[in-house]
Amino acid sequence: AIFMGILPVSLVSVLLLVLLMIFVGILFSSLAMIVTAFAPNFDFFNYYSELVITPMLFFSGVFFPLDKFPGWMKTLSLFMPLTHAVAISRAIFNGTYTRGLIFNFLVIFVLEVIAFFIGVRLMKKRLIK
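Numbering (our numbering), first residue to last: -13 to 115.
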């Protein structure tokens, strides 16, 4: 972002972005563990990529603003963890902190904890087989 001329507002913004990246990284790693536990072979990951990750990118506000989506699509996007991460990162870059960000962060944190414990449990079962 620095090379594109987009600079975070302050050092606090940089630290918040790093913290967000850590939480989102753990969340998606945990989700990948869950998918790995059910994957019968390597080709299964193509389905996960095409049926989960790609739609999440399109409907989470990464490429298109959510306010341009129809109502049902906005509601659907709220169930995607990437939507909340995008909302937080945009607020950090813009320097617009609202109470809604606490909700977004809590969604990411709760999903992360749940996915982590489910992923670890499922991977233990798979590896012990």
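Ideal Cβ placement from N, Cα and C applies to all residues, glycine included.
Opening and closing residue of the alpha helix (DSSP H) in which residue i lies
| i | result |
| --- | --- |
| Tyr34 | Phe30 to Tyr34 |
| Met66 | Here Met66 belongs to no alpha helix (DSSP H), and DSSP marks it neither H nor E. |
| Gly81 | Run containing Gly81: none; DSSP gives neither H nor E here. |
| Phe11 | The question names Phe, but residue 11 is Gly in the sequence shown. First-last of the alpha helix (DSSP H) with Gly11: Leu(-3) to Phe24. |
| Leu43 | Thr40 to Phe45 |
Member of the options whose CA lies at the smallest distance from the CA of residue i
| i | options | result |
| --- | --- | --- |
| Ser46 | Ser35, His70 and Pro26 | His70 |
| Phe102 | Met7, Leu2 and Gly11 | Gly11 |
| Lys110 | Phe14, Thr22 and Ser(-4) | Thr22 |
| Arg112 | Asp29, Tyr33, Glu36 and Phe24 | Phe24 |
| Val72 | Val48, Leu1, Gly86 and Phe55 | Val48 |
| Ile39 | Pro51, Leu87 and Ala18 | Ala18 |
Where residue i falls, given that 16 or more other Cβ within 10 Å makes a residue buried
| i | result |
| --- | --- |
| Glu98 | buried |
| Gly105 | buried |
| Pro26 | exposed |
| Pro67 | buried |
| Ser15 | exposed |
| Leu13 | buried |
| Leu37 | exposed |
Check whether residue i and residue j have beta carbons under 8 Å apart
| i | j | result |
| --- | --- | --- |
| Phe9 | Phe95 | yes |
| Leu6 | Ile74 | yes |
| Leu92 | Ile20 | no |
Exercise. Just checking, does the segment 77 to 92 make contact with the segment 49 to 65 on the three C-beta pairs under 8 Å criterion?
Worked result: The segment 77 to 92 vs the segment 49 to 65: no contact.
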